[in-house]
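Q: In short: position in the sequence shown from 1, add 505, done, that's our numbering. The C-beta atom is built at its ideal place from N, Cα and C for all residues, glycine as well. Remember, it's a predicted structure, so these values are computed and weren't measured experimentally.
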Amino acid sequence: MGSKLKRILIGRPMKSTEIEGEKLSKLKALAVLSSDALSSVAYGTEQILIVLMAAGFSALWYSIPISFAVLGLLLILILSYRQTIFSYPTGGGAYIVAMDNLGRSTGLLAGGSLLVDYILTVAVSSSAGTDAITSAFPMLHDQRVLIALLMITLLTMMNLRGVTESASMLAVPVYLFVASIFVLIVSGLYKYWTGGIHASVPEFGTAVSNVSLFLLLKAFSSGCSALTGVEAVSNAIPNFKPPAERNAAATLVMMGVILCTMFIGISTLAYWYGIAPDPKATVISQIAESTFGRGSLYYLIQGITALILFLAANTAYSAFPLLAFMLAKDKYMPHAFMVRGDRLGFSNGIIFLGAASALLVLGFHGNTESLIPLYAVGVFIPFTLSQLGMMVRWIKHKPQGWVVRFTINTIGMLTTLGITLIFIITKFSHVWFVFVFLPLVMFIFYQIHRHYLNIAEQLRINIDIDKPCIKGSTIVVPVAGVTRVVMNSLSYAKSLTDNVVAVYVGFDDADIERMEKKWEEWNPGVRLITLRSSFRSIIRPLMKFIDTVEWKTSETDHITVLIPQFIPRHWWQNILHNQSSLLLRAYLFNKKDIVIATVPYHLQK
C-alpha cells in the first residue's frame, strides 16, 4: 500500500543512467533557479515603502533613487557571481569560494548561512504567497498558516518527482508571472501618461525634514530583499546541461535583466500612483486595482503573483539539496544527504527543507515581515563572504585582467557588508536569533566532522597486519516455550554449529519444572538452561547468563544471541503481543559486543 502511494505521488523509479536527462536547459533553469529572485519584485518595493512611511507620506518619493541603488548593487552581484561561475564550475557558490580562499570556519559560516537562507526562502515565499491570496480574498486571512503549510507540502512532493519534472511544471507559472508583470507595467505607464491616474503624489525631490541618512540606509537595506536568490545559479551549476558554466552564466544575465526591468517598473508605478503600504493589500494588489479595477485582470494578476510567490521556494528546493550534498561530502553533514532517491534527486535534503520551513511558518505564524529580516541577513552574509573570497583569489592567482575583477568584488563586498551591518543595527530585535542559530549550526558541523573522522580512524585497518580472526561459534537461543517458532530457530542454529544452548527464564519453580519436563519429552538435541527471575525480569537473568558465556568462551568462540520471533500476517496484530524480543535486541545492541540475530517465523493467519 505504501509503495503504491509513493509511486502515485512521486512517479516511477528512474535508472541511474537517466541522470543526464535530469539536466536543465537555460529556459527551464531560469524558471527553477530564478523564481525566488524574480518573485521578490512582489515585496521588494513594499519593504522600501514600509520604512519610508516612518517619515510620512511625503517621503515616499525617495523610493525611486533607492530602487536605482538596489539595481546598482544587483548589477555588481550579477557580474561577481558570473565570475564565480567560471572560477568554480562545480557549483557550491559562497560555500566553495569561502572554503577555498578564506579557510574552513569561514566556509562553514557561508555554508550554514546559505542553508538557513534556503529554509527561510521557503518560509518567506509561502508566507508572501499567502499574503497575495488574502489581499484578494480577505476572508482567508485567518487561515494563512494552513495555506502556507499546504503549499510547502505540495512543493516538497513536486520536487521529490525530480528536477526536470518540477522545472517543466514551474516554467509555465514563472513565465506567466513575468508576462503579467510586464503587462501591468506597460498598462500602468500608459494609463498614467494618458491622464487616467489622478493620485496625490509627493513631489519628487522635495526635502523632508525628518528623513535621515540612517532611515534611507534602512530603506535601502530593506529593498535589498529583492536580491535574494541571485546566488542560486552559481550554487547549482551541476544541474545545467553542458557546457554547464556557459549556460549558468547566460541564465544569470537573463535573470538580472528581467529582474531589473520589473523592479524599477513596479517602484515607478507605486510612486506615480501614490501607493502607500497597507497591511491588508500588497503594493502589487493596489497597483493592479488602480490600473484594471477589481475585474478579471486584477484577479488574474493576484492569482499568478500568489502562485509565483509560492513557487519561488522552488529555488531553495533546487539549491539546498546540492549544498547539503557538498557539505555531506566534506563530512560536515550526515551522509544521508548524499543519497539520491529513486527519482535521482537528493530526496533527504528535499524532505528536510520542507519540514524545517514548515516549522518556521508555524513559529512565526506566517508573518512575512517578521521573516524577511532573518531572510536578508542569511542572504547577505554569504554574499559578503563570497565577494571577499573572490578578492583573495584574484590577489593569489593574478590572472589576466584581475584588477578589474578585483575591483568589482571589492565594491560588492563593501556594499553587501554595509547592508548586513545596517540590517543588524536597525533590526537587531528581529535578527538576533541568527547570532544564536548560526554558531549552533557551525558547532553541529564540527561535531559531525569529528564523529566521521573518529569513525574512520577506528574502522581503518592495516592490510599488512590486520587479518580476520578465525574462531568457533557458540549460539545462545532465548526460548519462551516449546513452539514452532523455537523449532525454526533451533534448526537454523544447529545448521551453523553444534555449540547451541537454549535458555529459558521462569518466574517460579512450577514454571521451570513444566518447561524442563516438556523439553525433555520433545528432546530437540539442544541443551536447555533454565534460569529463575526473582524480580519478574527476563532481560536481567539473560544478561547475567550471556556475561558468563562471554567470559568463558570469548577468546575461542564468536558468541551469537539468536532471537526467535514470529511475524503476524497484519502489522496491527503486533500490538497484541509481548515485544520482549525487541527489548532484548535493543538492550544487547547498546551493551554487548556480540552478534545479535533474529530468526523470523511468518504466520499465515
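With distance defined between alpha-carbon atoms, name the residue in W1056, L1087, F933 nearest to I1099.
A: For I1099, the nearest C-alpha among the options comes from W1056.
Q: Suppose the cutoff is 6 Å on Cβ atoms and the five residues either side in sequence are ignored; what does the same chain contact list for G617 look like?
A: If we look at G617 and ignore the five residues flanking it on each side, its Cβ neighbours are L943, V946, M947.
Q: Would you mind working out which of L1093, N1028, E1018 sits nearest L1047, comparing C-alpha positions?
A: Of the candidates L1093, N1028, E1018, the one whose C-alpha sits nearest the C-alpha of L1047 is L1093.
Q: Give me, in chain order, the residues of the same chain whose beta-carbon lies closer than 8 Å to that of I1101; leave out the 5 immediate sequence neighbours on both sides.
A: T1065, V1066, I1068, R1090, L1093, F1094, listed in sequence order.
Q: Nearest-angstrom Cα distance between I927 and V882?
A: If I take the Cα positions, the gap works out to 10 Å.
Q: Would you decide whether S934 is buried or exposed? Buried here means 16 or more other CB atoms lie within 10 Å of its CB.
A: When all chains shown are included, S934 counts as exposed.
Q: As a quick exercise: from S640, I581, N740, pick the residue whose alpha carbon is nearest that of G598.
A: That would be N740, whose Cα lies nearest to the Cα of G598.
Q: For the ligand ZN, is there a heavy atom less than 7 Å away from the beta-carbon of L625?
A: Ligands are entirely absent from the displayed structure, and the ligand ZN is therefore not among its contents.
Q: Can you tell me which of L1087, Q1078, F725, L655 puts its alpha carbon nearest to the alpha carbon of K1110?
A: Cα-wise, what sits closest to K1110 is Q1078.
Q: What is the residue span of the alpha helix (DSSP H) that F948 lies within?
A: Where F948 is concerned, the enclosing alpha helix (DSSP H) stretches over 933-964.
Q: Report the three-state DSSP secondary structure of P1073 (helix, strand or coil).
A: Residue state, collapsed to three classes: coil.
Q: Residue range of the beta strand (DSSP E) that V981 falls in?
A: Note, V981: beta strand (DSSP E), 977-984.
Q: Does DSSP put Y1106 in a helix, a strand or coil?
A: Residue state, collapsed to three classes: strand.
Q: Per DSSP, G1011 forms a beta bridge with which residues?
A: R1037, per the DSSP bridge assignment.
Q: I need the straight-line Cα distance from G846 to Y778, nearest angstrom please.
A: If you take the alpha carbons of G846 and Y778, they lie about 50 Å apart.
Q: Should T988 be labelled buried (16 or more other beta-carbon atoms within 10 Å of its own) or exposed?
A: Result: exposed.
Q: Kindly indicate which residue of L1108, V679, P973 has the alpha-carbon position closest to the one of W1076.
A: Comparing Cα positions, the closest option is L1108.
Q: DSSP three-state call for H1063: helix, strand or coil?
A: Residue state, collapsed to three classes: strand.
Q: Residue ranges of each alpha helix (DSSP H) run of no fewer than 4 residues wholly in the stretch 702-784, ordered along the chain?
A: Fully enclosed alpha helix (DSSP H) runs of 4 or longer: 718-728, 737-740, 749-777.
Q: Indicate the three-state DSSP secondary structure (helix, strand or coil) for A786 in the structure shown.
A: A786: strand per DSSP, three-state reduction.
Q: I'd like to confirm the pairing. Which residues does DSSP put opposite R1032 in its beta bridges?
A: Answer is V1006, bridged to R1032.
Q: With a threshold of 16 other CB atoms inside 10 Å of the CB of P1105, please say whether the residue is buried or exposed.
A: Exposed, because fewer than 16 other Cβ atoms sit within 10 Å of the Cβ of P1105.
Q: Find out if the Cβ-Cβ distance for the pair F815, F830 is shorter than 8 Å.
A: Against a cut-off of 8 Å, the Cβ pair of F830 and F815 comes out as no contact.
Q: Measuring alpha carbon to alpha carbon, tell me which of L774, I1034, S592 ends up nearest V982.
A: Minimum Cα distance to V982 is reached at I1034.
Q: What separation, rounded to the nearest whole angstrom, lies between the Cα atoms of I454 and L538?
A: The structure shown does not extend to residue 454, since the chain is modelled only from 506 to 1110, so the question has no answer here.
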